[in-house]
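Following the working numbering, the numbering of the sequence shown begins with 122 at its first residue and continues without gaps.
For every residue, glycine included, the Cβ atom is placed at its ideal position computed from N, Cα and C.
Since the model is a prediction, treat every value here as computed from it, not as a measurement.
Take a look at the structure set out below.
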Amino acid sequence: MSIFPETTALMERLAEIPQIYRLVYAMRCIGKGAESAVMFCGIMNLPPPPTKFTKFNNILLQAARETCEESMAEVVHEAVEENEGGRDIAVAVDGSWQK
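Listed below in structure tokens is the structure:
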């Protein structure tokens with residue numbers, strides 16, 4: 122189980138699609154792009170990645186956006202249930218709850 126449930130959900134979606142998306146996702150996770158993917162594939166003796174890396178980035182962005190929205194909606198639903206149906210819920214977004 123991952124510490125970041127959104128990442129786990131995104132990886133489950135990525136498991137259903139071709140491996141090129143996994144390569145693009147891995148490069149994005151480490152802050153690298155198309156040039157690094159070409160170098161990595163060369164070192165690992167793999168076929169070169171596609172030249173239109175941006176297309177795959179956009180598809181990954183859409184998948185991440187959908188996963189994020191679903192995750193947030195689920196958390197809101199859980200919070201409302203825990204608050205006995207009340208939607209007046211305080212939220213700390215400045216990290217002060219960690220202190």
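Which whole-angstrom value describes the C-beta separation of residue i and residue j, a residue pair presumed to lie in contact below a C-beta threshold of 8 Å?
| i | j | result |
| --- | --- | --- |
| residue 170 | residue 158 | 4 Å |
| residue 146 | residue 182 | The pair is not a contact, with the Cβ atoms about 11 Å apart (cut-off 8 Å). |
| residue 141 | residue 177 | 6 Å |
Buried or exposed, going by whether 16 or more other CB atoms sit within 10 Å of the CB of residue i?
| i | result |
| --- | --- |
| residue 130 | buried |
| residue 160 | exposed |
| residue 122 | For residue 122, the pLDDT reaches just 46, beneath the cut-off of 50, and the residue's location in the model is therefore unreliable, leaving the point undetermined. |
| residue 165 | exposed |
State yes or no: is the C-beta of residue i within less than 8 Å of the C-beta of residue j?
| i | j | result |
| --- | --- | --- |
| residue 201 | residue 208 | yes |
* Length at least 4, wholly inside the stretch 133–158: the alpha helix (DSSP H) runs in chain order -> 140–150
* Can you list the alpha helix (DSSP H) stretches of 4 or more residues lying completely in the stretch 160–204, in chain order? -> 174–203
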